[in-house]
Amino acid sequence: MASKPAILNLSAFTEGLARVGEFGSFVGDFFKRFWRPPFEWKEVWRQMDEVGVKSFLLTAVTGLAIGVVLAMQSRGTLARFGAEAVLPKMLALSLVKEIGPVFTSLVLAGRVGAGIGAEIGSMRVTEQIDALEVGSLKPYNYLVITRVIACVVMFPILTVWADAIGLFGGFMESYIVGNVDYRVFFASAFDSLTFPDIIVDTGKTAIFGFIVASVSSFLGYTVRGGTREVGQAAMQSVVTSILLILVADVIVVAVSLALFAPD
Amino acid sequence: MEAARSDETLRPATADGHAGPAWPLGKPWPEAQPLGSGPPPDDIMIEFRDLYKSFGEKHILRGVTMAIPKGVSTVIMGGSGTGKSVTIKHVVGLLKADQGEVWVHGENVDELSKDGLDQLRLKIGFLFQSGALFDSMTVYEQMDFVLKRHTDLDADGRKDRIMETLEWVNLPKTTSQYPSELSGGQRKRIGLARSIILQPDIMVYDEPTTGLDPISVRVVSNLINRLRDERGITSMTITHDLLCAEMISDHVFYLLDGVYAESGTLAEVAQSDKPEIREFFGDEYAMMFKTVRDGA
Amino acid sequence: MNRSARVGALLIAGLAIFLVAVFILANSKSLLSKTRTINTEFYNISGLLIGSNVQYQGYNVGRVERITLPRRPGGKIQVEMKIDEGAAHLIRVNTRAQIQTDGLVGNQIVTLVANPVQALQVPENGRIEGVEPFSLSAVTDRALESADRLDAITETVGLIVQDVRNGEGSLGRVLYDPALYNSLNRTTATTEQLVSTLNQQAVVLSATAQRVAATADAATQNLDRTIQNLNTTVGTVNDKLNSRTGTVGRFLNDDAVYVQLLSTADSLRGLSTSVRAVARNAEELSAWSALGAFRFAEVMEAAKHNFLFKSYFERRGYQEQAPFEIRERAIRASQEEIERRQRELLDYEQRLRARAAAQGTTLDSLGGN
């Protein structure tokens, strides 16, 4: 079979542009087909299980570790200036605003992105996607839309968990080291937060989820070749997702700062 | 192309011998209509008209023209990378022609709307090389998935249909198994069961017996024959497997350099003068056919 | 657990955590509770922002809701605050709003300063007076001036007491000498004047910590001396009274002496109250000085740990303890000293009163004879 797009006379740059264009129309398809049947609710549920429940332990451990480590690391610096009292505020702000959402998304990009890239990629090379296509089973709806929905829903949920567990980890550290009462800790922690913090910064992970799911699906969906290419697609899914998450974060933060000026 | 051979029977001389195809013996093999002449006659199920397809610089198909009548089992043979899979993917619209027309069931595949193509695809069963079973579903679930989406049957009706089909491929006990738990031959048979569960008129088989042991090859080949004989299904099969080709072929096309270099019964194609084809079949094989024919 | 249950549990619990967080946040930002809108105005809001905390005596009671610029140059900036309904009854028409810097982070907050004088509650959309954030340099001089005057007064008191103790040899002379009464009265008046001056600037603070500390220290020493003198005087008077010898009986039978004694006690009590007020103001002053010193300490501490400045500080031998730290401690010490003296003064006053009361009874019985 010779179905490899060998565009030899084009430079790598134009080929890259062509890929970006392809990705654009791939994402465009999402918004076109999202509204039309078939609605694969059962598969959405299965993907939520895959993305959410099966990543829970990972994000929980990540959150806990971040919370504890952040508290331990900050304590020394703050103590030098006699400002240990601001530790809960600092912890809550950095966890909820940036570290929680971004760390969770990056960890999930690793797990979920690779999973989606590899799964859809191998479905491509084993002709399962063709089989769905030929069976009029709308593989895009079945494979891509379900995963995008699952990620868009689950990323914020897992972020909330990671934030909460991270804050709890920070509290445990403060409790063990400084014997800080939980009411003091959480009152102080919540005192520093504002609504845009909690809503925008948690909500932005939905965008990250969209990025991870769509990029990974795209790279898996367009795999040509065999197992080696599937492996590459999985790797590229992770790398591209992570890069795009970081870029998107900059944009989201810039926009949210413009919209909700902090006090 | 030498498509028509009025002086020969279209039936190959196979050891099994099977019931006659819908295309009567002795009737000359039909010619494809010229480009732009509208739908082919009713008894022609699939027709390629001057089909061109290239991928980048690689020109795979360079003017493929052929007609496949109703109820006939056609086999496409040829070396690796000669465009056999590319040809059959045009039948179900997985690939779009660069030039030329593909007529299936009286409709021009490339001009169909999305919905039209979906409707047409329901009349075509496609057995992929690997079986292409959905990894995440059990045998029962993948068949149920197809039925749920495309029929109005209730749960009991679907169950009856699934069990009936599974029994037909003689694998009724695999319902709760996942594809990874099945052997290669079982996967092919489940793939076959899944592709016929909507009772199509046309079957396309992409190397149905590759990688199977001879017993499984016979089992699968017999199922293909039964589909033609019991249900009158028109089929296109890609195979390298001479045993399978012998068992199922009514008519053979040999693909060379992007066009059909030879067309006829397996015996005729095997005895072609073209060196590439002779090399494909081997001299002994051609001699065997010659002996069989001379003996008859 | 099957798939649906797993996913459902994760989703619901995740949403629940989110909602709880939102609820807590909403609660802490007074978005859900009833609030009362109260307005105030300042010429200068020192960078106050919408959403800044409003504190009543250090307790968070609301937020700044809106800040409106004046219509023409020189007008006051309008600040609208939302105060929790639970704390609204504490905000009276004579409550003052003041802009202060909150803690280490340096956020600007509005502080509501209570006035113990009874007044009506501020109604919804009512207005209270805003106290301008003071200008440091303007205040420092006045504070120091007051401190100097306190110094002078305590010295005067000291001299008077000295005279009393010497008494030119006779207690009767002392007690009848209008000079003492006048002198005490004068002292009281001076002190009260000082107190009122200080009160006018009560909120006014901060200062070059060193000078304030030094002055406060000197003042304390003088006060100390004064109180010692007073103690001695009282002791002498007591001795004389208790001995009931010589001319004492005459003194005690004389109504004029009694009246005089009482009025002296009253004056002294008044003085002590004033001194207490002075001490309170000094305390406030030193607290602000301490804050200033603390801020400075922070910067210096940071500088000391910065690798660029480290070697400099080490060379200067400042690594261990900075002068401001020593000064800070000195200020605190003198503050404690002032408090102690104040307690002693109070104690003395009570003793004097008790003695006077006791003698009063004796007087009556004597008069009966």
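Going line by line, the protein sequences match chains H, X and V.
Each residue of the first sequence is one higher than the one before, counting from 1 in the numbering used here.
Each residue of the second sequence is one higher than the one before, counting from 1001 in the numbering used here.
Each residue of the third sequence is one higher than the one before, counting from 2001 in the numbering used here.
C-beta atoms are modelled at their ideal positions from N, C-alpha and C, and glycine is treated no differently.
Alpha-carbon spacing of residue i relative to residue j, whole angstroms
i                             : j                             : result
phenylalanine 39 of chain H   : asparagine 2027 of chain V    : 40 Å
alanine 258 of chain H        : phenylalanine 195 of chain H  : 15 Å
isoleucine 1202 of chain X    : isoleucine 1238 of chain X    : 14 Å
glutamine 2350 of chain V     : arginine 2092 of chain V      : 35 Å
lysine 1089 of chain X        : threonine 1210 of chain X     : 18 Å
phenylalanine 2018 of chain V : threonine 159 of chain H      : 10 Å
leucine 143 of chain H        : phenylalanine 2023 of chain V : 37 Å
glycine 82 of chain H         : arginine 75 of chain H        : 10 Å
methionine 1288 of chain X    : leucine 1223 of chain X       : 26 Å
valine 247 of chain H         : phenylalanine 168 of chain H  : 29 Å
glutamate 84 of chain H       : phenylalanine 185 of chain H  : 11 Å
Nearest neighbour of residue i, chosen from the options [CA to CA]
i                          : options                                    : result
isoleucine 2038 of chain V : V:Ile2109, V:Gln2078, V:Phe2018            : V:Gln2078
glycine 1063 of chain X    : X:Glu1101, X:Asp1241, X:Thr1265, X:Lys1173 : X:Glu1101
threonine 2111 of chain V  : V:Ile2338, V:Ala2356, V:Phe2018, V:Asn2060 : V:Asn2060
alanine 2114 of chain V    : V:Gln2108, V:Thr2101, V:Val2131, V:Glu2124 : V:Val2131
serine 1085 of chain X     : X:Phe1126, X:Lys1188, X:Glu1181, X:Asp1154 : X:Phe1126
glutamine 1142 of chain X  : X:Thr1165, X:Trp1029, X:Lys1114, X:Arg1121 : X:Thr1165
proline 1069 of chain X    : X:Ile1046, X:Gly1232, X:Thr1082, X:His1090 : X:Ile1046
glycine 1264 of chain X    : X:Gly1106, X:Glu1246, X:Glu1279, X:Gly1093 : X:Glu1246
proline 2123 of chain V    : V:Ser2004, V:Lys2082, V:Val2007, V:Ile2099 : V:Lys2082
threonine 240 of chain H   : H:Phe218, H:Thr227, H:Ala79                : H:Phe218
arginine 124 of chain H    : X:Gly1131, X:Asp1118, X:Leu1120            : X:Gly1131
methionine 1066 of chain X : X:Lys1148, X:Gln1119, X:Glu1111, X:Leu1035 : X:Leu1035
lysine 2034 of chain V     : V:Val2007, V:Ala2013, V:Ser2046, V:Ala2088 : V:Ala2088
glutamate 1262 of chain X  : X:Asp1154, X:Phe1281, X:Glu1107            : X:Phe1281
lysine 1058 of chain X     : X:Pro1040, X:Gly1038, X:Thr1082            : X:Thr1082
isoleucine 2109 of chain V : V:Arg2127, V:Glu2080, V:Gly2008, V:Leu2090 : V:Glu2080
valine 215 of chain H      : H:Pro156, H:Val53, H:Ile145                : H:Ile145
Closer than 7 Å: residue i CB and nearest the ligand COA heavy atom
i                         : result
glutamine 2118 of chain V : Judged by which ligands are present, the structure shown has none, so any question about the ligand COA falls away.
Local conformation of residue i per DSSP, three classes
i                             : result
phenylalanine 1048 of chain X : strand
aspartate 2254 of chain V     : Low local confidence applies: a pLDDT of 49 at aspartate 2254 of chain V is under 50, so the model's placement there is unreliable, and no value is given.
aspartate 1241 of chain X     : coil
methionine 1104 of chain X    : It is valine, not methionine, that sits at residue 1104 of chain X in the sequence shown. It is a strand residue.
methionine 48 of chain H      : helix
aspartate 1160 of chain X     : helix
leucine 259 of chain H        : helix
threonine 2101 of chain V     : strand
isoleucine 2067 of chain V    : strand
isoleucine 245 of chain H     : helix
valine 2079 of chain V        : strand
isoleucine 2012 of chain V    : helix
arginine 2096 of chain V      : strand
arginine 36 of chain H        : coil
glutamine 2055 of chain V     : strand
leucine 2347 of chain V       : Per the sequence presented here, residue 2347 of chain V reads as aspartate, with leucine not at that position. Aspartate 2347 of chain V falls in the helix class under three-state DSSP.
asparagine 2002 of chain V    : coil
Residue i: first and last residue of the uninterrupted beta strand (DSSP E) it sits in
i                         : result
tyrosine 1205 of chain X  : 1202-1206
tyrosine 1254 of chain X  : 1251-1256
threonine 2037 of chain V : 2035-2042
lysine 1058 of chain X    : 1058-1069
Limits of the alpha helix (DSSP H) - the one that residue i falls within
i                         : result
alanine 65 of chain H     : 54-80
glutamine 1186 of chain X : 1184-1196
asparagine 179 of chain H : Counting along the chain, asparagine 179 of chain H falls outside any alpha helix (DSSP H), and DSSP gives it neither H nor E.
histidine 1150 of chain X : 1139-1150
tyrosine 1260 of chain X  : No alpha helix (DSSP H) contains tyrosine 1260 of chain X, which is instead part of the beta strand (DSSP E) from 1259-1264.
valine 212 of chain H     : 195-221
* On the three-pair Cβ rule with 8 Å, is the stretch 139-157 of chain H touching the stretch 199-210 of chain H? -> yes
* **Inter-stretch contact (C-beta, 8 Å, three-pair minimum) for the stretch 113-122 of chain H and the stretch 1272-1284 of chain X** => no
* Asked: Any chance the stretch 12-25 of chain H sits against the stretch 103-118 of chain H, with 3 or more Cβ pairs inside 8 Å?
  -> no
* Are three or more beta carbon pairs between the stretch 1193-1202 of chain X and the stretch 1112-1126 of chain X nearer than 8 Å? -> yes
* To do: Specify whether the stretch 52-64 of chain H and the stretch 126-140 of chain H touch according to this definition: at least 3 beta carbon pairs, one from each stretch, less than 8 Å apart.
  => no
* To do: Would you check if the stretch 1069-1080 of chain X and the stretch 1249-1263 of chain X touch, i.e. whether three or more CB-CB distances between them fall below 8 Å?
  => yes
* Just checking, does the stretch 1174-1192 of chain X make contact with the stretch 1208-1227 of chain X on the three C-beta pairs under 8 Å criterion? -> yes
* the stretch 64-73 of chain H contacting the stretch 179-189 of chain H, beta-carbon criterion three pairs below 8 Å -> no
* the stretch 2002-2021 of chain V touching the stretch 42-59 of chain H, judged by at least three CB pairs closer than 8 Å -> yes
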